[in-house]
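Enquirer: Attaching a single structure in structure tokens format; questions to follow.
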Amino acid sequence: MLMNGARAVLESLKKEQVDVVFGYPGGAVLTLYDELYKMKFPHILTKHEQGAVHAADGYARATGRVGVCFATSGPGGTNLVTGIATANMDSVPLVCITGQVANPYIGKDSFQEADICGITTPVTKHNYLVKRAADLPRVMKEAFFIARTGRPGPVVIDIAKDVFAEEFNYEYPHTVHLRGYSGKFTGQEKEIDVVFSALQAARRPLFFIGGGVTLSDETADLRAILARTGIPVVSTLMGLGCADPADEAAFGMAGMHGSYAANMAIMECDLLVGIGVRFDDRVTGVVEEFAPRAKIAHFEVDAAEINKNVRVDYPVLGDLRWSLPLFRQRLESSAADYKGRYSMWRQYVIAMHHEKPFTYKKDTGCIMPQALVEMVSRMSDDQTLIVTDVGQHQMWAAQFYTPRRPRQFITSGGLGTMGYGLPAALGAKLGQPQKQVVLFTGDGSIMMNCQELATAADYQIDVKVIVLHNHVLGMVAQWQRMFYDRHYSESLLNGHTDLVKLAEAMGVAGCRISEPAKLESGLRKALAHEGPILIDVMVPDTEDVLPMVPGGKRLDQMILGGGEA
């Protein structure tokens, strides 16, 4: 069929079953937007390109599908970089389509020219510069295939302006042929057998799960393995929601702000089975002293992650969709009494968790941020999606909100991107319109992309934005308080911005809660509001996120509540 390049891009998106695109038009993509207008292709106009890419990211995390965004050349493309890096660190499948100056002007420092492929090479799974319309069908097919297979990630397609207008005979390929990349990641079963044998010899095994379990949709097999063995389990930030919250041996997040039991279990186990984790520095503490008594197994799809941070004894390289079902079969076909064998170890870790759970001061006369998160957790149903920005509120959400399933807790993990939360929440809601979406953010984070409140209003995207308002850059101030002699250098937010009025000025309802006695009723009323709403909740400015493993310390050298260590 004869069509121009712009139409070919949109027809390819339809072939890939893309139901919405987030973007912002500009000179280099005007032909693309003209075709979008003619085809009435679903599009959300954000107020900033960073909002578009974070929204596509939130959509992808909430749905498991590839998120898509558009931007123009030059600053349009460069404004996507933070969001692309965010997705890359957390292995989120995105296809980001940018315009480039026309072919005759490439490489001449033309108006709004930027080498977006060069700029994004370190933070993408792959990228393309398309100079011929005839290449578009193949490139689009490959981009979606690369983004969603293996270890997912973002792919950038940079398209020269004149390509959008160039006509050619369009035919979308049925298959992908990439030299050296099949998308199939089946490993060697003998590696699974080695881990199975190691488990038979262990007396204090521990499962350590990460975002790979969510990305591979392998929660059912994981939970079956945990139920069969009774082995304790801890999680990374990205793995929250994968373990059954009703399992009393599921100890939540490990690492810098992880639970006491989770961190101590890592330090005392004799076999640590990592599943879909990166062993990043926020989890390990001092790498050389991480899990010092344990042999370490690592189920991982990306060969680059094996032995990158932590030396492992039993690697299992392959897609979790291949390895976990086989591992489950080994365990379920065995006659071993795993629960009996590991009972003492399980009860030991449970006792530690009961002795030193996540806790906080009560009856302070203030709305405690932890109490706020706990209350929202109780009010939420099993389908509610929680999105966070980055900072203290993110860690309190990870500690005190109980996700019941995967893809229920959406946050920027590896890059720690402030400003991520609001646009990501919009994308999550558009991806899962039947589910309630609640955002936890701070008075620092919300200002970084607050313009997307206008997007929420323009499209009536029903997100509930809860601001934990403490008048400081919370995590920065905490570090300054603990390690820099309380030198609050540029971390105090004593400005005059009224967040409720700001929201209302952009067309979003707003309310403020400042008294503990009014917290529950205020939250219930706000969460029941039809349409987007900002809930400005005043919390103390000196509350710390604890436990905390200071930089350069082992996981068992936590600072606990009340100055306990």
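Each residue of the sequence shown is one higher than the one before, starting from 71 at the first, in this note's numbering. Positions of the beta carbon are idealized from the N, C-alpha and C atoms, including for glycine.
1. In terms of residues, what are the limits of the beta strand (DSSP E) holding K195?
2. Are at least three pairs of beta-carbons, each pair with one atom in the region 489-508 and one in the region 299-310, less than 8 Å apart?
3. Can you tell me the Cβ-Cβ gap for F470 and E444, rounded? I've got them flagged as a contact below 8 Å.
4. Just verifying my parser: in three-state terms, what is the DSSP assignment at N649?
5. Quick one: complete alpha helix (DSSP H) runs, 4+ long, within the region 448-485?
6. Taking the alpha helix (DSSP H) that N564 belongs to, which residues open and close that run?
7. Give me the Cα-Cα distance between G633 and M337, rounded to the nearest whole angstrom.
8. For the alpha helix (DSSP H) containing G491, list its first residue and its last residue.
9. Roughly how many angstroms separate the alpha carbons of T142 and T168, rounded to a whole number?
10. Compare the beta carbon distance of I176 and V226 with 8 Å and say whether it is the shorter of the two.
11. Does the region 275-282 touch the region 306-325, meaning 3 or more C-beta pairs lie closer than 8 Å?
12. Take A76 as the anchor and find which of D205, T148, A126 and Y129 has the nearest alpha-carbon.
13. Using 8 Å for Cβ pairs, my map puts L102 next to V136. What's the rounded Cβ distance?
14. Would you call the region 254-266 and the region 386-401 in contact, with 3 or more CB pairs under 8 Å?
15. Going by CA-CA distance only, name the one from R582, R208 and T289 that's closest to E86.
16. Bridge partners of C187, per DSSP?
17. Determine contact between the region 424-434 and the region 572-585, defined as no fewer than three beta-carbon pairs at a distance below 8 Å.
18. Would L341 be called buried (16 or more neighbouring beta carbons within 10 Å of its own) or exposed?
19. Spatial neighbours of A213 within its chain, please: C-beta separation below 8 Å, excluding the five flanking residues on both sides.
20. Where does E444 fall in DSSP's three states?
21. What does P224 pair with, by DSSP beta-bridge criteria?
22. Taking 8 Å as the threshold, find out whether the region 456-471 comes into contact with the region 349-367 through three or more Cβ pairs.
23. What residue range is occupied by the uninterrupted alpha helix (DSSP H) comprising Y330?
24. Ordered along the chain, which non-local residues of its own chain (more than five positions away) have a Cβ less than 7 Å from that of L563?
25. For S180, which residues from the same chain have a beta carbon less than 6 Å from its beta carbon, with the 5 sequence-adjacent residues on both sides left out?
26. Do L593 and V419 have their C-beta atoms within less than 8 Å of each other?
27. Quick check on M628: buried or exposed, where buried means 16 or more other Cβ atoms within 10 Å of its Cβ?
28. Does DSSP classify A141 as helix, strand or coil?
29. Going by beta-carbon coordinates alone, are R56 and V88 separated by less than 8 Å?
30. Which same chain residues end up closer than 6 Å to L492 when comparing Cβ atoms and leaving out the 5 residues on each side of it in sequence?
31. Would you tell me roughly how many angstroms separate the C-alpha atoms of W549 and E613, rounded to the nearest one?
32. Less than 6 Å between C-beta atoms, sequence neighbours within five positions excluded: which residues of the same chain meet that for M159?
33. Can you give me the C-alpha to C-alpha distance between R298 and L150, rounded to a whole angstrom?
34. Name the two residues that bound the continuous alpha helix (DSSP H) containing N377.
35. Tell me the start and end of each unbroken alpha helix (DSSP H) in the region 515-586 that is at least 4 residues and wholly inside, in chain order.
36. What does K365 pair with, by DSSP beta-bridge criteria?
Expert: Taking the definition as stated:
1. The count along the sequence shown starts at 1 and reaches residue 195 at position 125. Unbroken run through K195: none, as it is neither H nor E.
2. no
3. Along the sequence shown, read from residue 1 onward, the residue named residue 470 stands at position 400. Along the sequence shown, read from residue 1 onward, the residue named residue 444 stands at position 374. At roughly 5 Å, the Cβ-Cβ gap stays under 8 Å, so F470 and E444 are in contact.
4. For residue 649 there is no data in the structure shown, the boundaries of the chain being 71 and 635.
5. 462-470
6. On the sequence shown, residue 564 is found 494 positions in, with the first residue counted as 1. No alpha helix (DSSP H) contains N564, which DSSP labels as neither H nor E.
7. Taking the sequence shown and counting its residues from 1, the one referred to as residue 633 is at position 563. Taking the sequence shown and counting its residues from 1, the one referred to as residue 337 is at position 267. Residue placement at G633 cannot be trusted, given a pLDDT of 39 that sits under 50; what the coordinates show is reported in the next sentence. G633 and M337: Cα-Cα distance of roughly 21 Å.
8. One-based indexing of the sequence shown puts residue 491 at position 421. First-last of the alpha helix (DSSP H) with G491: G491 to G501.
9. In the sequence shown, counting from the first residue as 1, residue 142 sits at position 72. In the sequence shown, counting from the first residue as 1, residue 168 sits at position 98. Near 5 Å, if we compare the C-alpha coordinates of T168 and T142.
10. Sequence index remark: in the sequence shown, residue 176 carries index 106 (1-based). Sequence index remark: in the sequence shown, residue 226 carries index 156 (1-based). No.
11. yes
12. Position 6 of the sequence shown, counted from the first residue, corresponds to residue 76. The residue with the shortest Cα to Cα distance from A76 is D205.
13. Mapped onto the sequence shown, residue 102 falls at position 32. Mapped onto the sequence shown, residue 136 falls at position 66. That belief does not hold up - the Cβ atoms of L102 and V136 are roughly 18 Å apart, past 8 Å.
14. yes
15. Taking the sequence shown and counting its residues from 1, the one referred to as residue 86 is at position 16. The shortest C-alpha separation from E86 is found at R208.
16. For this step, residue 187 is matched to residue 117 along the sequence shown. Answer by DSSP bridge pairing: none, since C187 is not bridged.
17. no
18. Position 271 of the sequence shown, counted from the start, is the residue given in the question as residue 341. With 16 or more other Cβ atoms within 10 Å, it is buried.
19. Numbered from its first residue, the sequence shown carries residue 213 at position 143. Only V165, H196, Y198, V225 and I227 meet the Cβ criterion.
20. As a position in the sequence shown, residue 444 is number 374, starting the count at 1. In the structure shown, E444 sits in a helix (DSSP, three-state: H, G or I).
21. Counting from one through the sequence shown, the residue named residue 224 turns up at place 154. According to DSSP, which records beta bridges pairwise, P224 is partnered with L164.
22. no
23. Counted from its first residue, the sequence shown places residue 330 at position 260. Note, Y330: alpha helix (DSSP H), Y330 to E338.
24. Against the sequence shown, residue 563 aligns to sequence position 493. Cβ neighbours of L563 beyond the five flanking positions: D513, G514, H541, V542 and L543.
25. For the purposes of this step, residue 180 is identified with residue 110 of the sequence shown, where counting begins at 1. Only V171 meet the Cβ criterion.
26. Against the sequence shown, residue 593 aligns to sequence position 523. Against the sequence shown, residue 419 aligns to sequence position 349. No, the Cβ-Cβ distance between L593 and V419 is not below 8 Å.
27. Here residue 628 corresponds to residue number 558 of the sequence shown, with the count starting at 1. Label assigned to M628: buried.
28. Locating residue 141 in the sequence shown gives position 71, counting from the first residue. If DSSP states are grouped into helix, strand and coil, A141 belongs with the strands.
29. Lying outside 71 to 635, the shown extent of the chain, residue 56 is not represented and no answer is given.
30. Along the sequence shown, one-based indexing puts residue 492 at 422. If we look at L492 and ignore the five residues flanking it on each side, its Cβ neighbours are N519 and E522.
31. Mapped onto the sequence shown, residue 549 falls at position 479. Mapped onto the sequence shown, residue 613 falls at position 543. If you take the alpha carbons of W549 and E613, they lie about 12 Å apart.
32. Within the sequence shown, the letter at position 89 stands for residue 159. Around M159: G484 and L485.
33. Translated into the one-based positions of the sequence shown, residue 298 becomes position 228. Translated into the one-based positions of the sequence shown, residue 150 becomes position 80. Straight-line Cα distance between these residues: approximately 45 Å.
34. On the sequence shown, residue 377 is found 307 positions in, with the first residue counted as 1. Neither: N377 is in no alpha helix (DSSP H) and is coded neither H nor E.
35. 522-529, 544-553 and 569-575
36. In the sequence shown, counting from the first residue as 1, residue 365 sits at position 295. According to DSSP, which records beta bridges pairwise, K365 is partnered with L341.
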